[in-house]
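Only one structure is covered here, and it is reproduced in the block below.
Quick look at the structure:
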């Protein structure tokens, strides 16, 4: 038969174990983003291209961090007959009101930093996005496309510079043809010495 001291010891052990389980549960919920106590709501943003946006990425509203990305999945849009990306974003507070005409884009922290979801508040609609509501996002431009356009621009500039070096075109001739340069220099010197020639009108005109 257990005495009083044994019962007290078992009670202390039970309380300690219960507190440990409670603490462990809180940690698991926090790491797993299980929102049982935390107030807030989910919104969905639909894109055609996610550009490397990942789960747990920050969510900003009006430039302020308000949550994070909980889930990203693909779905088939029956109306448009194409596969799209659905981004489920968690907003930390019910007090954050997102107008239904807000713009959502995928931004980058710095030039090559972390991708995040940026929501710009709408100004024309009085309607507020409800929990599980959906915004249509503006698709980001793939970095490969930007690089390709920059490369084409650089190639075009190289062709132009090569043409100038070879004396092609009016500007090219001015740069490499010394006779044209000398004639132009003589003309400018003559006008400086006789500016009245600019006002002189030849007979018959």
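Residue numbers (our numbering): 262 to 466. Glycine residues also receive a C-beta, built at the ideal position from the N, C-alpha and C atoms.
What does the alpha-carbon distance come out to for the pair residue i and residue j?
i: residue 335; j: residue 347; result: 6 angstroms
i: residue 398; j: residue 273; result: 55 angstroms
i: residue 344; j: residue 331; result: 20 angstroms
i: residue 449; j: residue 443; result: 10 angstroms
i: residue 371; j: residue 307; result: 24 angstroms
i: residue 439; j: residue 423; result: 18 angstroms
i: residue 283; j: residue 356; result: 29 angstroms
i: residue 276; j: residue 269; result: 11 angstroms
i: residue 418; j: residue 342; result: 41 angstroms
i: residue 413; j: residue 325; result: 37 angstroms
i: residue 340; j: residue 376; result: 29 angstroms
i: residue 373; j: residue 402; result: 14 angstroms
i: residue 454; j: residue 416; result: 44 angstroms
i: residue 391; j: residue 327; result: 16 angstroms
i: residue 451; j: residue 420; result: 36 angstroms
i: residue 280; j: residue 384; result: 49 angstroms
With a threshold of 8 angstroms on Cβ separation, who are the neighbours of residue i within its own chain once the five nearest residues in sequence on each side are excluded?
i: residue 382; result: 322, 323, 359, 360, 363
i: residue 393; result: 302, 303, 304, 305
i: residue 386; result: 360, 361, 362
To which residues of the same chain is residue i closer than 7 angstroms at the C-beta, ignoring the five residues directly before and after it?
i: residue 329; result: 317, 318, 319, 320, 351
Under 9 angstroms, do residue i and residue j count as touching if we go by C-beta distance?
i: residue 338; j: residue 301; result: no
i: residue 314; j: residue 378; result: yes
If residue i sits next to residue j, beta carbons under 8 angstroms apart, how far is it from one beta carbon to the other, in whole angstroms?
i: residue 365; j: residue 380; result: 5 angstroms
i: residue 400; j: residue 305; result: The pair is not a contact, with the Cβ atoms about 16 angstroms apart (cut-off 8 angstroms).
i: residue 367; j: residue 312; result: 5 angstroms
Tell me which residues share the same chain as residue i and place their Cβ nearer than 6 angstroms to its Cβ, disregarding the 5 neighbours each side in the sequence.
i: residue 369; result: 376
i: residue 349; result: 303, 305, 331, 332
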